[in-house]
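Numbering (this note's numbering), first residue to last: 228 to 443.
Backbone N, C-alpha and C fix where the C-beta goes; we use that ideal spot for every residue, glycine too.
Only one structure is covered here, and it is reproduced in the block below.
This is the structure:
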């Protein structure tokens, strides 16, 4: 017999990952940029403290508590936009114009006016940003995922010459905010809203109601 609930919750998707940088004053920029991501993964890592007893002879665990929690991410992109390069190189973006007769960056003499985007590596070493992922499901439900505050840096080599379309990798770690580390939204159909969780009803509320009903 087919498990429709399991089938309905399969997940296969592409989508768009946006980066929204924080400004120097700590406020969030009003602009967000498509990173051109092809792969995005989030990892939760925890450390625990464990208590044991030997009262019965054998060493037996009697308690465990989480003492450390970290969220990290890996992103692969095939967009070499100025914003992505600046994020990878820890730099700011500047537009420069070289006029006819001036020296070009390669040392040659300009035979006309040229405009370049200049990216100085290391001029902005720590990029702090909000990451917003909007899925485009092939199978399954639409997901909107938010990493509220992350420190982003290049996670591998920067290819300047290759035989295939080049990609660049990023890695980052999430900072705890008032909204938490990470929020995951799953779009529900109208039927699911009625049968599962209403927009204003949390899972904790549903559990409390079930406990109350059980005592009646």
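Beta-carbon spacing of residue i, residue j below 8 Å
i, j, result
"residue 325", "residue 316", "no"
"residue 412", "residue 371", "yes"
"residue 276", "residue 244", "no"
"residue 394", "residue 270", "no"
"residue 383", "residue 396", "yes"
"residue 274", "residue 295", "yes"
"residue 357", "residue 379", "no"
"residue 260", "residue 300", "no"
For residue i, the three-state DSSP class (helix, strand or coil)
i, result
"residue 352", "coil"
"residue 234", "helix"
"residue 332", "coil"
"residue 311", "helix"
"residue 285", "coil"
"residue 316", "helix"
"residue 347", "coil"
Per DSSP, cross-strand counterpart(s) of residue i
i, result
"residue 324", "342"
"residue 300", "269 and 399"
"residue 291", "277"
"residue 241", "363"
"residue 264", "304"
"residue 255", "249"
Residue i versus the options, residue with shortest Cα-Cα distance
i, options, result
"residue 237", "394, 389, 415 and 368", "368"
"residue 319", "402, 233 and 249", "249"
"residue 341", "335, 354, 327 and 351", "327"
"residue 360", "389, 404, 241 and 349", "241"
"residue 364", "335, 390 and 239", "239"
"residue 376", "235, 306, 254 and 280", "254"
"residue 266", "402, 403, 398 and 407", "398"
"residue 362", "293, 257, 414 and 231", "414"
"residue 386", "305, 347 and 287", "305"
"residue 307", "355, 281, 344 and 284", "344"
"residue 352", "337, 335 and 381", "381"
"residue 251", "390, 389 and 354", "354"
Test: residue i CB closer than 8 Å to a CB of chain D
i, result
"residue 380", "The chain inventory of the structure shown lacks chain D, comprising one protein chain alone."
Identify every run of the alpha helix (DSSP H) within the region 355-429, keeping only runs that are complete inside it and at least 4 residues long; order them along the chain.
417-422
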